[in-house]
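Here the structure comes first, spelled out in structure tokens, and everything after it is commentary.
2 protein chains.
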Amino acid sequence: MKRNTIDYSVYVITDSVICPPERLLFQVEEAILGGATVIQLREKKADSLTSYKTAEALLSVTKKYGVALIVNDRADIMLAADCDGLHVGQKDLPVAVARKLIGPGKILGVSVSTVREAKKAQEDGADYLGVGAIFPTGTKPDADAVALNTLHEIKESAGLPVVAIGGISKETIPQLAGTKIDGVAVVSAVMASPRPRAAAEEIRAAFEKIATQK
Amino acid sequence: MKRNTIDYSVYVITDSVICPPERLLFQVEEAILGGATVIQLREKKADSLTSYKTAEALLSVTKKYGVALIVNDRADIMLAADCDGLHVGQKDLPVAVARKLIGPGKILGVSVSTVREAKKAQEDGADYLGVGAIFPTGTKPDADAVALNTLHEIKESAGLPVVAIGGISKETIPQLAGTKIDGVAVVSAVMASPRPRAAAEEIRAAFEKIATQK
Chain A
1 MKRNTIDYSV YVITDSVICP PERLLFQVEE AILGGATVIQ LREKKADSLT
51 SYKTAEALLS VTKKYGVALI VNDRADIMLA ADCDGLHVGQ KDLPVAVARK
101 LIGPGKILGV SVSTVREAKK AQEDGADYLG VGAIFPTGTK PDADAVALNT
151 LHEIKESAGL PVVAIGGISK ETIPQLAGTK IDGVAVVSAV MASPRPRAAA
201 EEIRAAFEKI ATQK
Chain B
1 MKRNTIDYSV YVITDSVICP PERLLFQVEE AILGGATVIQ LREKKADSLT
51 SYKTAEALLS VTKKYGVALI VNDRADIMLA ADCDGLHVGQ KDLPVAVARK
101 LIGPGKILGV SVSTVREAKK AQEDGADYLG VGAIFPTGTK PDADAVALNT
151 LHEIKESAGL PVVAIGGISK ETIPQLAGTK IDGVAVVSAV MASPRPRAAA
201 EEIRAAFEKI ATQK
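Chains A and B are the protein sequences, given in the same order.
Taken in order, the first sequence gives residues 1 to 214; the numbers are from UniProt numbering.
Taken in order, the second sequence gives residues 1 to 214; the numbers are from UniProt numbering.
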């Protein structure tokens with residue numbers, strides 16, 4: 001998995017509250033079949049052994065399709081299971097520290113909500129930026145809201161792939177037209193769906209529509 | 001800090017519920033002055049950035065006194081802050097995986113409650129064993145109880161330093177006489193004390209009394 005050739009267009013994030021462990025592998029495989037291009041394992045409640053086993057299990061699915069598996073926050077789980085990359089927020093390990101820990105070969109994503117955070121993340125070794133929350137979201141109710149012009153400004157200034165996150169759905173994606181983002185990140189839109197393949201297809205179609213309008 | 005020359009006799013574990021962050025450095029330094037020989041950072045609730053900063057701050061204290069700082073569960077925090085070692089439980093990263101991740105130079109401790117777990121931990125690369133819960137404890141109410149003869153048997157069979165944990169206090173330590181353990185681990189007995197130096201001195205004195213009876 002080469003750091004610089006990742007397709008970020010349909011970035012699907014797991015949630016063990018929304019999608020229970022026994023359904024997770026099915027849901028992720030269906031999401032990939034529907035067009036998910038990146039999978040992020042986000043697990044804030046499980047013990048480390050469970051997270052490690054989940055990462056290994058997910059990797060067996062993502063590898064089959066050549067899709068990147070990125071682990072949220074836990075650099076140790078990512079390294080132990082040899083996943084493709086790490087995603088850190090502003091309350092996780094500092095970006096430069098995370099980059100040093102995971103080495104130059106792994107993907108490093110960073111959540112930012114301001115131009116300043118975006119520049120700092122880029123300087124410190126980020127490969128891509130997650131920008132949000134763009135729209136109100138129940139998955140992360142405490143997230144700072146980011147205006148569309150800030151999203152646009154971050155994309156213009158950062159020189160890194162930008163993925164929009166927070167309240168992304170087929171209904172809200174059209175509002176992102178003209179922002180030149182590289183992808184959209186979803187949690188519940190795919191993970192909570194009883195038809196994850198169709199849900200991912202719809203997100204992909206909606207994103208492709210705004211992407212061609214660039 | 002050499003892996004094989006650690007004095008495990010008075011092993012003090014932090015707890016941010018019992019001892020709030022603003023008091024933590026004071027409490028740990030006083031504990032060391034009272035005779036603590038190992039400090040473990042156990043942080044189950046803070047975000048990763050806070051845990052990393054806490055590890056760095058604690059390291060500035062432990063290094064001053066040549067005392068080992070061991071991080072519970074989070075190999076990434078341990079590596080990022082370059083602490084002396086990692087402690088894993090049975091629900092954390094598998095011991096062999098943890099050893100591979102942290103490398104041969106760092107201390108690796110493992111919580112066990114049976115002879116079988118102890119042997120496995122030893123085979124997989126543990127440097128010392130934490131055995132418990134020996135006595136009932138409010139800090140970890142879900143811990144399995146370990147009989148004194150099991151503690152004794154683990155010490156006899158493992159060939160590794162053994163630290164007893166769970167409900168350890170100056171009142172309960174005398175009951176451990178004859179078990180040939182290498183140390184006692186305490187949380188609340190020191191971390192909850194308004195006089196942590198005196199509390200550590202008392203634990204140390206009680207342990208030295210049973211250690212000389214070996």
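The C-beta atom is built at its ideal place from N, Cα and C for all residues, glycine as well.
Rounded C-alpha distance that separates residue i from residue j
{"i": "B/L47", "j": "B/L86", "result": "Before going further, note that residue 47 of chain B is Asp rather than Leu in the sequence given. Their backbone Cα atoms lie some 18 Å apart in a straight line."}
{"i": "B/N72", "j": "A/E208", "result": "45 Å"}
{"i": "B/P94", "j": "B/G109", "result": "12 Å"}
{"i": "B/R195", "j": "B/Q90", "result": "33 Å"}
{"i": "A/S157", "j": "A/K119", "result": "8 Å"}
{"i": "A/L129", "j": "A/A121", "result": "8 Å"}
{"i": "A/V17", "j": "B/E171", "result": "43 Å"}
{"i": "B/P174", "j": "B/Q213", "result": "10 Å"}
{"i": "B/L148", "j": "B/T37", "result": "23 Å"}
{"i": "B/V28", "j": "B/V61", "result": "8 Å"}
{"i": "A/K64", "j": "A/I39", "result": "13 Å"}
{"i": "A/R99", "j": "B/T150", "result": "44 Å"}
{"i": "B/Y11", "j": "B/R197", "result": "14 Å"}
{"i": "A/I13", "j": "A/D142", "result": "17 Å"}
{"i": "A/P20", "j": "B/V88", "result": "26 Å"}
{"i": "A/T5", "j": "A/I32", "result": "17 Å"}
{"i": "A/A206", "j": "A/Y8", "result": "14 Å"}
{"i": "B/S193", "j": "B/L101", "result": "35 Å"}
{"i": "B/K44", "j": "B/T139", "result": "12 Å"}
{"i": "B/E30", "j": "B/K53", "result": "20 Å"}
Test item: CB-CB of residue i and residue j under 8 Å
{"i": "B/V184", "j": "B/A199", "result": "no"}
{"i": "A/G34", "j": "A/R204", "result": "yes"}
{"i": "B/I210", "j": "B/A189", "result": "no"}
{"i": "A/L58", "j": "B/D92", "result": "no"}
{"i": "B/G105", "j": "B/R3", "result": "yes"}
{"i": "B/V112", "j": "B/V97", "result": "no"}
{"i": "A/R74", "j": "A/S51", "result": "yes"}
Close Cβ partners of residue i (< 6 Å) along its chain, the five nearest in sequence each way excluded
{"i": "B/D15", "result": "V187, M191"}
{"i": "B/F135", "result": "G166, G167, T172"}
{"i": "residue 242 of chain A", "result": "The question about residue 242 of chain A has no answer, for chain A in this structure spans 1 to 214."}
{"i": "A/D124", "result": "V95, A96"}
{"i": "B/M1", "result": "A68, D84"}
DSSP three-state assignment for residue i, whether helix, strand or coil
{"i": "B/A55", "result": "helix"}
{"i": "A/I210", "result": "helix"}
{"i": "A/I154", "result": "helix"}
{"i": "A/Q90", "result": "coil"}
{"i": "B/V146", "result": "coil"}
{"i": "B/P190", "result": "First, the residue type needs correcting, since residue 190 of chain B is Val and not Pro in the sequence shown. The answer is helix: DSSP assigns B/V190 an H, G or I state."}
{"i": "B/A199", "result": "helix"}
{"i": "B/A164", "result": "strand"}
{"i": "B/I13", "result": "strand"}
{"i": "A/A205", "result": "helix"}
Residues near residue i by beta carbon distance below 8 Å, same chain, minus five either side
{"i": "B/K153", "result": "The sequence given here has Glu at residue 153 of chain B, not Lys. Taken in chain order, the residues that qualify are V115."}
{"i": "A/A55", "result": "L41, L69, V71, I77, M78, A80, A81, C83"}
{"i": "A/L25", "result": "A57, L58, V61"}
Close beta carbons around residue i, own chain, < 7 Å, minus the five adjacent residues each side
{"i": "B/A126", "result": "V95, L108, G109, V110, L160"}
{"i": "A/A145", "result": "A133"}
{"i": "A/K155", "result": "V162, T179, K180, I181"}
{"i": "B/E117", "result": "Q90"}
{"i": "A/E202", "result": "K170"}
{"i": "A/T137", "result": "A143, G166, G167"}
is_contact[residue i, chain D] using C-beta, thresh 8 Å
{"i": "B/V97", "result": "This model lacks chain D altogether, as its protein chains are A and B."}
Exercise for review: Would you list, in sequence order, the uninterrupted beta strand (DSSP E) runs of no fewer than 3 residues that lie entirely inside the region 96-135 of chain A?
Suggested key: 107-112, 128-131
Review point. Mind pulling the alpha helix (DSSP H) runs of 4 or more residues that sit fully within the region 24-86 of chain A?
Key: 48-65, 75-81
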